[in-house]
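A.B. asks:
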Amino acid sequence: MPPIIKKGPMIKEKLSSAIARIIGEIPAGHEIERIKETRWGDFSSNIGFLLKKRGEEGLMEKLLTELSGDKDFREVKLIRGYLNFTFAFPYLWEGLKKAKEEDFGKALWGRGEKVLLEFVSANPTGPLSVVQARAGALGQALANLLKYSGFVVETEYYINDCGTQVDLLFQSLEARIRELKGEKVSLPPGGYPGEYVKEIAREILDQGIEERRRYLIERIVAMQKESLRAFKIHFDSFKRESEILPKVERVLRELKEKRLTYEKDGALFFLASRFGDSEDRVLITRDGRLTYFATDLAYHLDKFERGFSLLINIWGPDHHGYIPRMKAGIKALGYNPDRLIIIIAQQVSLLREKSAVKMSKRKGEIITLDEVREEIGTDTLKFYLLMRKPSCGIQFDLALAKEETKDNPVYYVQYAHARLSSILQFAEKQGYREESFLSDPPLSLLGEPEREVMVGVLYFPDVVKMSAKSFEPHILLYYLLELAEAFHNYYEKERIVSEDKELTRARLYLSLVLKKTLKKGLALLGIEAKEKM
1 MPPIIKKGPM
11 IKEKLSSAIA
21 RIIGEIPAGH
31 EIERIKETRW
41 GDFSSNIGFL
51 LKKRGEEGLM
61 EKLLTELSGD
71 KDFREVKLIR
81 GYLNFTFAFP
91 YLWEGLKKAK
101 EEDFGKALWG
111 RGEKVLLEFV
121 SANPTGPLSV
131 VQARAGALGQ
141 ALANLLKYSG
151 FVVETEYYIN
161 DCGTQVDLLF
171 QSLEARIREL
181 KGEKVSLPPG
191 GYPGEYVKEI
201 AREILDQGIE
211 ERRRYLIERI
221 VAMQKESLRA
231 FKIHFDSFKR
241 ESEILPKVER
251 VLRELKEKRL
261 TYEKDGALFF
271 LASRFGDSED
281 RVLITRDGRL
291 TYFATDLAYH
301 LDKFERGFSL
311 LINIWGPDHH
321 GYIPRMKAGI
331 KALGYNPDRL
341 IIIIAQQVSL
351 LREKSAVKMS
361 KRKGEIITLD
371 EVREEIGTDT
381 LKFYLLMRKP
391 SCGIQFDLAL
401 AKEETKDNPV
411 YYVQYAHARL
421 SSILQFAEKQ
431 GYREESFLSD
441 PPLSLLGEPE
451 REVMVGVLYF
461 PDVVKMSAKS
471 FEPHILLYYL
481 LELAEAFHNY
491 YEKERIVSED
501 KELTRARLYL
511 SLVLKKTLKK
521 GLALLGIEAK
531 EKM
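Here the sequence shown is numbered in UniProt numbering, starting from 1 and rising by one per residue.
1) How many Å lie between residue 225 and residue 219 at the Cα?
2) Could you tell me the boundaries of the beta strand (DSSP E) in which residue 479 lies?
3) Look at residue 536 and residue 412 and say whether their C-beta atoms are less than 9 Å apart.
4) Mind checking which residues open and close the beta strand (DSSP E) that includes residue 229?
5) If we call anything under 9 Å between Cβ atoms a contact, is residue 38 one with residue 457?
6) When the Cβ atoms of the segment 247 to 265 are set against those of the segment 329 to 337, are three or more pairs found closer than 8 Å?
7) Taking the straight line between their C-alpha atoms, what separation do you get for residue 116 and residue 300?
8) Quick check: what's the CA-CA separation for residue 295 versus residue 244?
9) Opposite residue 315 in the DSSP bridges: which residues?
10) Let me know the secondary structure DSSP gives residue 144 once reduced to three states.
11) Under 8 Å by Cβ, that's how I've got residue 231 and residue 369 pegged, so tell me the actual separation to the nearest angstrom.
12) Does the separation of the CB atoms of residue 238 and residue 270 fall below 9 Å?
13) Return the residue from the list 130, 61, 515, 514 that minimises the CA-CA distance to residue 317.
14) My understanding is that residue 420 touches residue 515, with C-beta atoms under 8 Å, so please give their C-beta distance in whole angstroms.
15) Hey, quick one: how far does the alpha helix (DSSP H) through residue 507 stretch, first residue to last?
16) Does DSSP put residue 171 in a helix, in a strand, or in coil?
17) Just to confirm before moving on: does the CB-CB distance between residue 507 and residue 438 stay below 9 Å?
18) If contacts are defined as beta-carbon pairs under 8 Å, then residue 196 and residue 124 qualify, I think. What distance do you get, rounded to the angstrom?
19) Suppose you measure from the CA of residue 535 to the CA of residue 479; what does that come to, to the nearest Å?
20) In the segment 254 to 311, which residue ranges form an unbroken beta strand (DSSP E) of at least 3 residues, counting only runs that do not cross its ends?
21) Check whether the Cβ atoms of residue 156 and residue 118 lie closer than 9 Å to each other.
22) Can you tell me whether residue 277 is buried or exposed? The criterion is at least 16 other CB atoms within 10 Å of its CB, across all chains shown.
23) Comparing C-alpha positions only, which one of 265, 520, 386, 176 sits nearest to residue 212?
24) Determine the DSSP secondary structure at residue 370, reduced to helix, strand or coil.
25) Is there contact here, the segment 466 to 486 with the segment 498 to 513, by at least three beta-carbon pairs under 8 Å?
26) State the start and end residues of the unbroken beta strand (DSSP E) segment that holds residue 104.
27) Which whole-angstrom value is the C-beta distance of residue 72 and residue 87, which I expect to be below 8 Å?
28) Using 8 Å as the cut-off, can you tell me whether the segment 347 to 354 makes contact with the segment 394 to 410, which would need three or more C-beta pairs spanning the two stretches below that distance?
29) Let me check one thing: in DSSP terms, what residues is residue 155 bridge-paired to?
30) By DSSP's criteria, residue 38 is part of a beta bridge. Which residues make up the other side?
31) Whole angstroms is fine: what's the gap from residue 62's alpha carbon to residue 315's?
32) For residue 85, which option in 280, 452, 99, 35 has the closest C-alpha, if you only look at C-alpha atoms?
33) Who are the near neighbours of residue 252 in its chain, counting only those whose CB is closer than 8 Å to its CB and skipping five residues on each side?
34) Within its chain, find whatever has a CB closer than 8 Å to the CB of residue 531; leave out the 5 residues flanking it on each side and keep chain order.
35) Would you decide whether residue 407 is buried or exposed? Buried here means 16 or more other CB atoms lie within 10 Å of its CB.
36) The alpha helix (DSSP H) spanning residue 425 covers which residue range?
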């Protein structure tokens, strides 16, 4: 196995290894957190509490003594059980030189593992909803983060072009066609009332039944693909359920050969309860139809057989109960269920000036991705959809999302990048070309006013790793918000381009490194860094 290669300093690993060097194995539950107020230090460890719990308080004195002698720390102190670290300026200056490099923050801890990341995967029954937009934003950000961390990632969209929902859509279409021909009809129970069904009915009024069904699916898939393209969500592959059907017979045969199926009341069941599920699951219904579960098992078998060793699925709300049966099925087929990671992206609710936004006026039954994107913009929508961990619901105000004020978080971060661009352009007009401050910059002139920004920049590799390992892009998003806040506060107090040429060179170097860091962070989230606002 190749070694893990890190590009750029990992602050948490440095602090943890410094502690481990002195006390040996670090207790479980050890955490290192960034300190918000720099007067207390840059980072804090809870090691004091853990050592006290183990009855080893005496080691704290040794820790304080030895860490205080480390040249990378200006100060190490114990405050109410927390061990607080303040970095020495030479450590920060040296870190800034590494932060200038294009691959700063990249890592290879993924070791080239092949990952298939499947997300959105909406039924081809209508326009994409804002909840599916959340899955899209989340999936794209995770793909970027995992690639940046050394994984080989392929993104895939699964098209459920068979099954009851597609049948119901087709029945709704047929009803609309008869309606257009003058018949008085009603939609089937649970049918699709959207205006888009009427539009498609007009387009294929005179075609035969088979042509109508084929056209219907292709038309909606094309509509969904266009919505994703406009939202800047990229998929490497699209897989259809109809392509998977031949593999279902193999899955059924294998489960039968392992004596993991039985018949009851005319239906075929899988012994899911033997593999940790709460009950056994139907594979074939009493009327001979394959269940979604049966085809999903075949699809996941197909994923593993294509050479992917880690499968990540992003599912919508109300799918929690489906997870145990999928893991049970994978285990029964001989694969490690831990190699299937399922992330549930919860509901999205919208407000407009604090009042709930009701259903879509244009489409009839859902709030669509296209409607919201057209109203507030691609980058803004992505930012708001990534602001919470996937397991938490999201609510945001469309009116606030369009404001150009510091109360609007996406504007606040993008404005920091645009402001830095403006500063660097102004500096160039004053004769400070990039090469003039990138070559041997006097970084020793950077001090306490710049500390929060410097520490923030150096924290970037840690944040990327945390976001990727936990599958939670919101960690990176809030880091960017804090970094933007640190810069805006700094800008309000200090002049970057001043009469002191050497200090100007140092501050311009910091500004360029900060700009690059913000741009990389936004790019990992799939959001554009504005040069001008």
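Glycine residues also receive a C-beta, built at the ideal position from the N, C-alpha and C atoms.
C.D. replies: With the structure as the only source:
1) 10 Å
2) Taken as a continuous stretch (DSSP letters only), residue 479 belongs to no beta strand (DSSP E), being part of the alpha helix (DSSP H) at 474 to 493.
3) Because the chain in this structure spans residues 1 to 533, residue 536 falls outside the shown range and cannot be described.
4) In the DSSP annotation of this structure, residue 229 is not part of any beta strand (DSSP E); the continuous alpha helix (DSSP H) holding it starts and ends at 209 to 230.
5) It is not a contact, given that the beta carbons lie outside the stated cut-off.
6) yes
7) 10 Å
8) 7 Å
9) 344
10) The answer is helix: DSSP assigns residue 144 an H, G or I state.
11) 6 Å
12) no
13) Measuring from the Cα of residue 317, the nearest candidate turns out to be 130.
14) 4 Å
15) 501 to 524
16) Of the three classes helix, strand and coil, the one that applies to residue 171 here is helix, per DSSP.
17) Cβ distance not < 9 Å, so residue 507 and residue 438 don't count as in contact.
18) That pair is no contact at about 12 Å.
19) Nothing can be reported for residue 535: it is not among the residues displayed for the chain, which extend from 1 to 533.
20) Those beta strand (DSSP E) runs which fall completely within the segment 254 to 311 and span 3+ residues are 261 to 264, 267 to 270, 281 to 284.
21) yes
22) In the assembly as shown, residue 277 is a buried residue. Its beta-carbon has 16 or more other beta-carbons within 10 Å.
23) 176
24) helix
25) By the Cβ criterion, the segment 466 to 486 is not in contact with the segment 498 to 513, since fewer than three pairs of Cβ atoms, one from each stretch, lie closer than 8 Å.
26) Note, residue 104: premise wrong, no beta strand (DSSP E); not H, not E.
27) 6 Å
28) Because the criterion of three Cβ pairs below 8 Å is met, the segment 347 to 354 and the segment 394 to 410 touch.
29) 117
30) Beta-bridge pairing links residue 38 to no other residue.
31) 49 Å
32) 35
33) 261, 268, 283, 284, 294
34) 417, 418, 421
35) exposed
36) 409 to 429
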